[in-house]
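Numbering (the working numbering), first residue to last: 3 to 195.
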Ligand SMILES: [Zn+2]
Ligand SMILES: [Zn+2]
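Written out as structure tokens, the structure is:
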């Protein structure tokens with residue numbers, strides 16, 4: 003079992019280091035020994051090179067830095083790091099896709115023109131019988147763009163207030179209301195950018 007020390011909240015590999023170097027008369031007595039993390043060990047030898055100017059210490063610090071670089075390159079990402087990266091990616095996708103959906107649907111509520119917060123804009127199916135799925139569910143599941151577009155074509159975009167009024171019958175949607183803009187069909191092509 004390799005020696006470890008607790009540093010910055012985690013257990014890391016440790017090296018035993020001579021506080022007073024052997025080349026300066028240091029001994030193997032326990033009080034002259036200290037356990038250091040590998041970066042700490044590299045720092046210690048760099049400091050010794052500055053103090054004594056002995057090539058051994060410079061080589062030691064360079065070798066230790068090389069070892070750190072090499073170790074970082076071979077240590078696989080932890081499951082937590084991988085998960086965090088995946089979550090970040092999905093969140094970024096959601097944000098971009100929501101922006102894209104809003105733009106492709108005319109950028110504002112088709113009834114009142116509201117456009118302040120994307121979060122308050124919803125997608126209303128003109129013919130409820132044609133509804134295969136909800137856009138918000140597709141966003142949550144990170145569905146592919148083509149699937150989302152298929153659904154957007156059946157919708158108009160409304161703010162939360164107008165959406166409620168449309169459903170309780172106190173507001174009508176104009177025949178000319180903006181629909182999905184087909185120039186947004188190709189996900190790679192971002193019109194107006
Ligand atoms: Zn509205
Ligand atoms: Zn609706």
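Here a beta-carbon is modelled for each residue, glycine too, at the ideal position from N, C-alpha and C.
This one's a predicted model, so the numbers in the text were calculated from it and none came from an experiment.
Backbone secondary structure at residue i - three-state DSSP
i           : result
residue 77  : coil
residue 26  : helix
residue 104 : helix
residue 37  : strand
residue 99  : helix
residue 159 : strand
residue 123 : strand
residue 190 : coil
residue 133 : coil
residue 88  : helix
residue 65  : helix
residue 60  : helix
Delimiting residues of the alpha helix (DSSP H) encompassing residue i
i           : result
residue 168 : 162 to 169
residue 54  : 40 to 54
residue 153 : 147 to 154
residue 137 : 137 to 142
Residues near residue i by beta carbon distance below 6 Å, same chain, minus five either side
i           : result
residue 132 : 156
residue 108 : 180
residue 99  : none
Same chain only: Cβ atoms within 7 Å of residue i, ignoring 5 sequence neighbours per side
i           : result
residue 114 : 161, 164
residue 38  : 16, 17, 19, 46
residue 167 : 173
Distance cut-off 7 Å: residue i Cβ against heavy atoms of ligand 1
i           : result
residue 163 : yes
residue 157 : no
residue 2   : This structure cannot settle anything about residue 2, because the visible part of the chain is limited to 3 through 195.
Separation of residue j from residue i, as counted between CA atoms
i           : j           : result
residue 4   : residue 34  : 21 Å
residue 142 : residue 117 : 22 Å
residue 11  : residue 59  : 29 Å
residue 82  : residue 146 : 26 Å
residue 56  : residue 50  : 8 Å
residue 153 : residue 104 : 14 Å
residue 150 : residue 101 : 13 Å
residue 175 : residue 124 : 14 Å
residue 70  : residue 148 : 46 Å
residue 159 : residue 92  : 23 Å
residue 27  : residue 21  : 11 Å
residue 73  : residue 111 : 54 Å
residue 78  : residue 87  : 14 Å
First and last residue of the uninterrupted beta strand (DSSP E) at residue i
i           : result
residue 9   : 6 to 9
residue 112 : No beta strand (DSSP E) contains residue 112, which DSSP labels as neither H nor E.
residue 178 : Segment: none, residue 178 is in no beta strand (DSSP E) and carries neither H nor E.
residue 16  : 12 to 20
Cβ-based neighbour list, residue i, same chain, cut-off 8 Å, excluding 5 preceding and 5 following
i          : result
residue 84 : none
residue 54 : 23, 25, 26
residue 31 : none
Distance cut-off 7 Å: residue i Cβ against heavy atoms of ligand 2
i           : result
residue 168 : yes
Contact test: residue i Cβ vs ligand 3 heavy atom, cutoff 7 Å
i           : result
residue 128 : Summarising the ligand content, the structure contains ligand 1 and ligand 2 and does not contain ligand 3.
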